[in-house]
Amino acid sequence: MLRQIQTEFPLLTSPLRTTGDRSPDTKLPLLLIIDDDIEFITFMKDFLEQHGYQVLASLTGKKGLELFYDFHPDLVLIDYILPGTDGVALLNQIVEKAHNESTPVIMVSAHNSNEHRALSFNLGATDFIGKPVRTDVLLPFLKNRLASREQILAHILQDELTGAFNRKFLEKKLKEQSALFHKENGYTFSAAMVDLDHFKKVNDTYGHHTGDQVLETFVKVFEQMKTSGETISRYGGEEFVVIFPGASAQEADARVEEWRNRFSSITFTSGDEQFHVHFSAGIAQFSDAPGGESILERADKALYYAKRTGRNRTVSHTHMPVSAFDAETITLLIVENDPSVRQQLEDFFSTRSFISDKPVRVITFHTRQQFLEEDWYHPEEDYVLLLASSIGIDTLPFLKTKYDFRNVAVMIMTGEEETERVEEALREEAEDYLLKPFRLEDLGEWLDGVADRMFI
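Printed below as a string of structure tokens:
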């Protein structure tokens, strides 16, 4: 997702390195590479991003597993041998969930023996690629596997993990309900956008397997209490959409509260520990739609307001205060000791003014001390941190201890010659890295992507 960019800085009239003739709205395939060889990662990341892919990279199995669960890549490449946890052990953890999402898992290894190939296939890997990788074969190979995945997904209407419907079904359901609204006088329906509170903390604390059990239970509770016609669809990650046919927002609110009471009373167990999980919800009614804004957009705004005002609650779009309709912002933190780079970044994003569809607020810091001493963090807000490696990658462990970094995306800015800095950044679990010199337009595209994936 984050781009290893090696063209001119800051603003050039030359085209992007190779993004093809795609529309700005085209969603690029997202690949995840898990490999402990920094040279292999940097080469593959650069090569694939030149050819129109978004790439997430991890040097460790632990971080790779976290990225897999958090970002739902379209395809995964895993090294056979990894420090701390070998590729086979990692494959065991990923493969079941990957199969549920029809995600190809490709084993990559310099140990290109029939024994290694057979073991990978027996464990559930989709394919096996030997090193060194032939790039002339890799591109058509990836295109083939991703096309097969798209064909499979086009015929699936149900989320395999939770049993909920998927987004494809949701689109059909919304069209069906909209047609009824325009056909039958007085007909209406409502939608609830629902998101589990602090779900990443559940995964981090109790493990992804326990997190999956929570999601399954969440849907099961709804299925047990739903009335005729009500449907739940998985919208992404821990976010779901419920359609209430024929219901007003007030009636949908009452149904969601019943669901909340049942689900919140469940005690989950992990080892010797017990815990409860809660959720926030935003509700919108189709009949009160203002010009052009979809029912899901309004439900999403209500959900965001529920999150910002305490969580574990339901907010109806029609009952939100006027001030709540101000668009939520993303704060961009630029920590850079080079005044020229810092100023150009600030000027570009101040002029661009938006990340995805959200206004951006820019704060700059010129020293590590200034950044650490400033009171910039507020847990209800979303942040992107651009941190110059020269100021200190070693500040990341301290920051992650001091702050809850679930709402902070971190990218390290470093020089092309500083390969060891890139490795250090990935080992300290930065989301990704950016090589100078770079194009600001490409950085802006990355920020759009991270906002869509990480922030409500």
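Basically the working numbering = 1-based index in the sequence shown + 7. Even glycine gets a Cβ: it sits at the ideal position worked out from N, Cα and C.
Within 8 Å, strictly: CB atoms of M461 and L441: Taking a C-beta distance under 8 Å as the contact criterion, M461 and L441 do not qualify as a contact pair.
Pairwise C-alpha distance: N414 and F206: 12 Å
R320 in three-state terms, based on DSSP: The DSSP-derived three-state label of R320 is coil.
Contact set for S323: own chain, Cβ-Cβ below 7 Å, skip 5 residues either direction: A256, D260, I290, A309
Span of the alpha helix (DSSP H) around G170: Here G170 belongs to no alpha helix (DSSP H), and DSSP marks it neither H nor E.
Nearest neighbour of D77, chosen from V209, V115, A161 [CA to CA]: When each option's Cα is compared against that of D77, the closest is V209.
Inside the segment 89 to 118 only - beta strand (DSSP E) runs reaching at least 3 residues: Runs of the beta strand (DSSP E) inside the segment 89 to 118: 112 to 116.
Expected contact under 8 Å - CB spacing of R318 and H285 to nearest Å: With a Cβ gap of about 7 Å, R318 and H285 count as contacting.
Sheet register partners of R368 (DSSP bridge): According to the DSSP secondary-structure assignment, R368 is paired through a beta bridge with T338.
Start-to-end residues for the beta strand (DSSP E) that takes in S65: Start and end: 61 to 65.
Bridge partners - D134, DSSP secondary structure assignment: I113
Nearest residue (CA-CA) to L454, options H373, R359, N268: R359
Alpha-carbon to alpha-carbon, E103 and T217: 14 Å
Own chain, CB closer than 6 Å to V201, minus 5 neighbours either side, in chain order: F247, F286, A288
Residue nearest to E245 in terms of C-alpha spacing, selected from A186, P366, H79: H79
For T274, three-class secondary structure by DSSP: coil
Close beta carbons around L130, own chain, < 6 Å, minus the five adjacent residues each side: L98
Bridge-paired residues (DSSP) for E209: First, the amino acid is wrong: residue 209 is Val here, not Glu. DSSP, once it has assigned bridges, lists no residue as partnering V209.
Unbroken alpha helix (DSSP H) run spanning D459, endpoints: Taken as a continuous stretch (DSSP letters only), the alpha helix (DSSP H) holding D459 covers 447 to 461.
Q376 classed as buried or exposed, judged by whether at least 16 other C-beta atoms fall within 10 angstroms: exposed
Through-space distance from P111 to W132, alpha-carbon basis: The sequence as given places Ala at residue 132; Trp does not occur at that position. Using only the alpha carbons, I get a separation of about 8 Å.
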